[in-house]
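Going down the list, the sequences are from chains A and B. When we follow our numbering, the leftmost residue of the first sequence carries the number 17, and every step to the right adds one. When we follow our numbering, the leftmost residue of the second sequence carries the number 169, and every step to the right adds one. Since the structure comes first, as structure tokens, the remarks are kept for the end.
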Amino acid sequence: MKKILVLGATSAIAEAACRLWAKRGDALFVVARNEERLRAIAADLKVRGAADVHVAVMDLDDIGLHDSAVREAARVLGGLDLAFIAHGTLGDQTACTRDFSLALRELNTNAIGVMSWLTHLGNLFESQGGGTIAVISSVAGDRGRQSNYVYGAAKGAVTIFMQGMRQRLYKAGVNVVTIKPGFVDTPMTASFKKGVLWTSPGVVAAAIDRAISRGSCEVYVPSFWWLIMTVIKAIPERLFRRASL
Amino acid sequence: MHGWGRYPRLDCHATQPKTAAECAHTVASVGSLIARGLGRSYGDSSLAEEVLQTRYLDQMLEFDAGQGLLTCAAGVSLQEILQTFVPRGWFLPVTPGTRFVTVGGAIASDVHGKNHHAAGSFSRHVSAMEILLGNGECVIATPTQRRDLFESTCGGMGLTGVILKASLRLQRVRSSLIRVTTVKAPDLQTALYEFERNESATYSVAWIDCLARGRSLGRSILMLGEHANEGPLVVSAAQPRSVHLEFTGALVNAFTVRMFNALYFHKNFRATRSRMVPLEPYFYPLDALADWNRLYGRRGFLQYQFVIPKEAGPAGLRGLIERIAASGQGSFLAVLKLLGRGNGYPLSFPFEGYTLALDFKAEPAVFDLLRELDSQVLDLGGRLYLAKDGRMSQATFQAGYPKWMEFEAVRAKYHAHGKFSSAQSRRLGLQ
């Protein structure tokens, strides 16, 4: 039985991952803002076989609450084997261009808040001397593109922040896993037209679980995104600036 | 958007609410809508300009292991239930021929399975449901509390409100294996006799060759099933792989269907044989082939399922099958079953008699044939299954479902008029 803290447990990918862990009989501490949905998900995880499910309703952007929330989860579960950060928003890039306060909100949720969680979790896991911290970043963080560079900048910042933490915590036996999903069919992407590159939260969740158990560092999900992003990153800026991606 | 038959198609706007509160918001903010689960009804019952998809309302909420009572949100699929509960020794009380339907959809179509003669339809095992009404109110309906709403919602094609939650009694099984006995019947009379003779079988269904004529008319293979007393408790996890193929329709024609049927019939050499099989190939043979609905090509297909009273049985069925065989149209898969007593709910399909289901490619000639079959079915006192329908006329509907006015009265009482409607309900003249 693993003891798992999930932040943003109402996200479709997090819910799918929690279902895998619940089926295995793990104990979960799930955190999210939408109470109605979080309670339904917690009940579901219990029916599916979770050893225990604890619920905390909070605004994950509220940095002042992070330290106590992390301690509370560790206390209730009796330590943590895994912390999974899955919350995020995909803002309207065009609106962010016109109004920086919107961009700031996106950056707070997707980057600053996550870094705060990572800091508290990193310290806890370091003192425990083991465990795994997994975070959903994005392929969008690999290169800035006009269509979503606010989101991309936030995810890119998280990816780099985690690279540093990974080195630092390696000595303590703590693994830090960066997940970079491509296009996933979730409520966050409900308005997008879906094509062959799209995948389901269930597929992404299974890949996340695999990456965690293997002790991977950075993974693209599905793995073909590694190839796509390698090609995209190799395009010189001089050419890339003309592209309409 | 389209149903499983890929005919007809309609431009739909879909919302995917994540909570009951969001459902209520959707219902309040649009003119009229229809709920949609996994889109496995064949025709246009889940099509409307506004569609409320239940894909994110897929949480199981409570399980009482003493009674086997599962309470879940309406978007939970039968596949999820099997995955979770078969390993614990529980099985669905009633299951249709695919596990990729939601609990909400199973109630709305009041689906039946191979055990209908003994276990009744799906709704017999539903002890309660929570329904979002057209006025935004969430109410509980059970077989005793708001009985009229409960009975009209079972088989009511989503037209009474949005089913949000349901409590379902699962059945205990010792093994996931099924002991299958196949019985070869060289003609219709033998097939019907075998159904009667095997009335005590837990599950029974027959594959029937609707193209065979003359002495072989109605030749069938009965597949009887019993839950094994021992063996593993497993169910496959793998989702069938999608074959992103669009056939032009060339794969299904009179020749291939005739060949398939002849081969299928003759591959069973002995008259009777028994063997153990996992539950999937027995209950869900077509689920192994994801997207089998694409085999009929771009234009899609129509599934035609009727039930006729038992008294009308042999002669009535013979007349219908003769008409189908003479047309040369018809499908790989035609399924015959002797249904048990119906529940008398206004729009619930099953009643005691013979039901036959078969596919037709959606071609102009087929519509004429089906209109002829409609009148034959009605003359025999039968009706068509709404979950399979994408074309029947208002008159055919009203004649087959004489309690439709009672259904409309319940809808009026519970604020459904003008709020819940589908392409099908409008075609059938429901408000």
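Glycine residues also receive a C-beta, built at the ideal position from the N, C-alpha and C atoms. For clarity, every value in this text was computed on a predicted model and none was experimentally measured.
Please report whether the beta-carbon of THR310 of chain B lies at a distance below 8 angstroms from any beta-carbon of chain A. no
Step through the CB atoms of chain A and report whether any lies within less than 8 angstroms of the CB of LEU260 of chain B. no
Would you please verify whether the beta carbon of LEU229 of chain B is less than 8 angstroms from any beta carbon of chain A? yes
LEU23 of chain A vs HIS136 of chain A beta-carbon contact at 8 angstroms: no
Count the other CB atoms within 10 Å of the CB of GLY302 of chain B; is the residue buried (16 or more) or exposed (fewer)? buried
Identify which residue in A:THR110, A:MET17, A:ALA59 and A:MET131 has its Cα closest to the Cα of ASP83 of chain A. A:MET131
Quick check on this structure: which residue in B:PHE517, B:ALA580, B:VAL545 and B:CYS378 has the alpha carbon closest to the alpha carbon of SER277 of chain B? B:PHE517
Which runs of the beta strand (DSSP E) at least 3 residues long sit entirely within the stretch 38-119 of chain A? Give them in chain order. 43-48, 68-73 and 98-101
Would ALA525 of chain B count as contacting chain A if we go by Cβ distances under 8 angstroms? no
CYS233 of chain A, DSSP secondary structure in three states: coil
Closer than 7 angstroms by C-beta to ARG387 of chain B: which residues in its own chain qualify, once you throw out the five before and the five after it? Chain order, please. ALA353, PRO354, ASP355, ASP377, ALA380 and PHE433
Please list the partners that ALA241 of chain B has in chain A, where partner means a Cβ-to-Cβ separation under 9 angstroms. ALA56 and ASP60
Following the continuous beta strand (DSSP E) through TYR513 of chain B, name the residue where it begins and the one where it ends. Element bounds for TYR513 of chain B: n/a, residue is neither H nor E.
With 8 angstroms as the C-beta to C-beta threshold (strictly closer), list the residues of the stretch 179-209 of chain B near chain A in chain order. GLN184, LYS186, THR187, ALA188 and ALA189
Is the stretch 37-52 of chain A close to the stretch 226-244 of chain A, with three or more CB pairs under 8 angstroms? no
Nearest to LEU213 of chain A (by Cα), restricted to the options A:ASN191, A:GLY95 and A:ILE244: A:ILE244
Alpha-carbon spacing of CYS112 of chain A relative to ALA119 of chain A, whole angstroms: 5 angstroms
Identify, in the order they occur along the chain, each residue of the same chain with its Cβ nearer than 8 angstroms to the Cβ of THR416 of chain B, setting aside the five sequence neighbours on each side. Low confidence applies here, because THR416 of chain B scores a pLDDT of 47, under 50, leaving its location unreliable; read the following figure in that light. So the list reads GLY465 and ARG466, once near-sequence residues are dropped.
Name the chain A residues whose beta carbon is nearer than 8 angstroms to that of THR252 of chain B? LYS39, VAL63, ARG64 and GLY65
In terms of DSSP beta bridges, what is LEU338 of chain B paired with? DSSP, once it has assigned bridges, lists no residue as partnering LEU338 of chain B.
Interface residues of chain B facing PRO313 of chain A [CB-CB closer than 7 angstroms]: Outside the modelled stretch of chain A, which goes from 17 to 261, sits residue 313 of chain A, for which no answer is possible.
Less than 8 angstroms between CB atoms is the rule here; does ALA3 of chain A satisfy it with respect to chain B? The requested residue 3 of chain A does not occur in the structure, where chain A is confined to residues 17 to 261.
Report yes or no: do the stretch 266-273 of chain B and the stretch 329-336 of chain B share at least 3 C-beta pairs separated by less than 8 angstroms? yes
Would you mind telling me which residues of chain B sit closer than 8 angstroms to ARG13 of chain A, beta carbon to beta carbon, in chain order? Missing from the structure shown is residue 13 of chain A; chain A here goes from 17 to 261 and no further.
Residues near TYR371 of chain B by beta carbon distance below 6 angstroms, same chain, minus five either side: LYS282, ASN283 and GLY393
Chain B beta carbons: is any one of them nearer than 8 angstroms to that of ARG53 of chain A? yes
Could you pull out every unbroken beta strand (DSSP E) segment of at least 3 residues lying fully inside the stretch 429-474 of chain B, listed in chain order? 440-446
For PHE231 of chain B, which beta-bridge partners are listed by DSSP? B:LEU238
Along the stretch 564-586 of chain B, what residues have a CB closer than 7 angstroms to any CB found in chain A? none
Do you know offhand how far LYS581 of chain B's Cα is from GLU218 of chain B's? 23 angstroms
State yes or no: is the beta carbon of TYR522 of chain B nearer than 8 angstroms to at least one beta carbon in chain A? no
Keeping to the same chain, check which residues put their C-beta closer than 7 angstroms to that of LYS210 of chain A; ignore five residues upstream and five downstream. ASP201
Let's see if you can read the secondary structure: which residues bound the alpha helix (DSSP H) around HIS181 of chain B? No alpha helix (DSSP H) contains HIS181 of chain B, which is instead part of the beta strand (DSSP E) from 181-183.
Judging by CA-CA distance, which residue of B:LEU515, B:PRO514 and B:ALA533 is the nearest neighbour of SER495 of chain B? B:ALA533
Take the Cβ of ASP60 of chain A as the centre, count every other Cβ of all protein chains shown within 10 Å, and call the residue buried at 16 or more, exposed below. buried
What did DSSP end up calling THR416 of chain B once you bin it into helix, strand or coil? Because the pLDDT of THR416 of chain B is 47, which lies under 50, any placement of that residue in the model is unreliable, and the number read from its coordinates should be weighed accordingly. Three-state result, THR416 of chain B: coil.
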